[in-house]
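Contents: one structure, followed by commentary.
Protein chains in written order, with my numbering: chain S, -5 to 225; chain V, 11 to 121.
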């Protein structure tokens, strides 16, 4: 591998962007395919699918077999609200491989005793934007019900193209949220991508069951092809 | 969770870049195919420098010695090569691996 290629590959990985290295197994010719150029690549559909699964592997091409080394950033989960659901969600998300953080400015909720094994930030989300660092491979679960705490991160996560944005609250609560966020400049299309009411409909009752429903919905958003769903 | 190479404790590709940028001869080995219960997933990397220093793993210790020997030749000669190992043979048993898998490893020069 050319050193420049390796440098670019590592720069993309450090920036938490998906990237694939295509190596022709006959002859050794290589090219990098960055996430923003997948559409233009002859193997675009194959690589797009592999960006979802995260799996490297060999494919047959017109010019012989090629190996695709697929690099996808580890997924993150930001939970807004140091609430009951987040307490249940934290160990589940860790088991599923997510790097999770909990943000809640209410210091009565955000205590290390309630959240022993998860990164906990007892600040207003807008004050720790750099640490939250929303990106394409980050999921947001807004769980406080409180517009003062939830609205800002929801708008930011939509703007950053997070693969999942979910918000707790009844349809009525969500209707009011719609008015506020559209007023704040969020587009109708972006707003309609919010998962609300949050979580797959599995009839969840307890906070832990809701956490299961939320995590399942996040995994589906990460792994499933949105186009395939429509077909 | 999604990519074995990105969850490695040490950043193998970062190490390969640093070694190469410092002027050392470097080869990169990548697991490109596995059959059966191979110890490391497809996409796993092992970086080797011209003195035989290495970082990462393609088999959890089972065939690294052989891969490093080939990597040194690739650094010298420049042409990439494909290696294939059955990891259920007698040698594997002796070092404590009974996985019964097979792996294919692509070795290329960096730089």
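Every residue gets a Cβ at the ideal spot worked out from N, C-alpha and C, and that includes glycine.
- Between residue 36(V) and residue 26(V), the beta carbon gap of about 5 Å places them in contact (Cβ cut-off 8 Å).
- Listed along chain S are 22, each with a C-beta nearer than 7 Å to that of residue 90(V).
- With fewer than 16 other Cβ atoms inside 10 Å of its own Cβ, residue 53(S) counts as exposed.
- Close to residue 82(V), with beta-carbon spacing below 7 Å, lies no residue of chain S; the smallest spacing is near 17 Å.
- In the structure shown, residue 92(V) falls within a strand segment according to DSSP collapsed to helix, strand and coil.
- The count of Cβ pairs closer than 8 Å, one atom from the stretch 138 to 153 of chain S and one from the stretch 82 to 94 of chain S, stays below three, leaving the stretches out of contact.
- With respect to the 8 Å criterion, residue 75(S) and residue 126(S) are not classified as neighbours on the basis of their beta carbons.
- Within the DSSP bridge table, the entry for residue 136(S) names 74(S) and 161(S) as partners.
- Given a length threshold of 3 residues, each whole run of the beta strand (DSSP E) inside the stretch 67 to 123 of chain S is given here in chain order: 70 to 74, 93 to 97 and 113 to 115.
- In the same chain as residue 189(S), and ignoring 5 residues on each side of it, the C-beta atoms closer than 8 Å to its own belong to 158, 159, 160, 161, 211 and 215, in chain order.
- As computed with DSSP, residue 59(S) is found in a beta bridge with 54(S).
- Taking a cut-off of 8 Å on C-beta distances, the stretch 60 to 69 of chain S does not touch the stretch 104 to 120 of chain S, as fewer than three cross pairs fall below it.
- Annotated three-state conformation of residue 87(V) is helix, per DSSP.
- Residue contact check for residue 42(V) against chain S: a CB pair falls below 8 Å.
- Between residue 195(S) and residue 206(S), the alpha-carbon positions lie close to 10 Å from each other.
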